[in-house]
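Here's the structure we're looking at; comments come further down.
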Amino acid sequence: YSTVTDWPWYAEQVQQDPAFATQFQQGYLAGWEALRILLGYPTLTATISVDLSLIVTTFGNWFLFSVLAHWTARWFGSQARFGQTLGTVALAYAPLLLLVIQVVPGATVPLSLLFLLMLATKYLALKTTHNLGTPQTLFVLAAPYVIVAIVAALVALYGGAYGLEQLPYFRDAFKVQLFLAR
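First residue of the sequence shown: 68, per our numbering; consecutive thereafter.
Next comes the structure, spelled out in structure tokens:
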């Protein structure tokens, strides 16, 4: 930083506009931060944002899975309270703690293993909490994934069609298609 600020060009800019020094410093630091992120170097900003997004998405996934699984289990006649489902499914997310191993450089956890462990713990949590048989518990376990997949597919299809409609060529084609359909 001091090498750049020692240039005559920098001194001229500061003489013309005293606010240039603070603007340059902010831009300089932001530029290096962006370069570090692009090159994959760990930065404080990137680390905090990744960790926060991981925590928020984990809580969101836990809550959404619990809601959908509880509704499906109630459909099968379960008498368990929603709080019980939340508690046991929260414990079923314990395999995510294995991600702490990644603090060690080079150490990884296979995500497929993590997913299978979480499926097994979710199955045991739902079976124990809702006192359902094996086929019903498997259905309750799979239902949230199927529901989310269907909703995601519908959003992608609707969003894709809406996005195509915004392009002039496709908009004209849709108008012709609607005219011919009459």
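Glycine included, C-beta positions come from ideal geometry on N, C-alpha and C.
Bear in mind the structure is a predicted one, so any value in this text is a computation, not a measurement.
- Taking every protein chain shown into account, the CB of Ala-101 has fewer than 16 other CB atoms within 10 angstroms, so this residue is exposed.
- Asn-198: not part of any alpha helix (DSSP H); DSSP gives it neither H nor E.
- If you look at Gly-94, you'll find it in the alpha helix (DSSP H) that goes 87-106.
- The DSSP-derived three-state label of Pro-172 is coil.
- One thing to note: Pro-162 has its Cβ within 7 Å of the Cβ of Leu-184.
- By the C-beta criterion, the segment 232-246 is judged not to be in contact with the segment 166-182, since fewer than 3 inter-stretch pairs fall below 8 Å.
- Approximately 6 Å separates the beta-carbon atoms of Leu-193 and Leu-208; this is inside 8 Å, confirming the contact.
- For Phe-237, the enclosing alpha helix (DSSP H) begins and ends at 235-248.
- With a beta-carbon spacing of about 5 Å, Val-156 and Ser-133 fall inside the 8 Å limit used to define contacts.
- Across the set Arg-103, Leu-153, Ile-122, Leu-247, the C-alpha of Leu-153 shows the shortest separation from the C-alpha of His-197.
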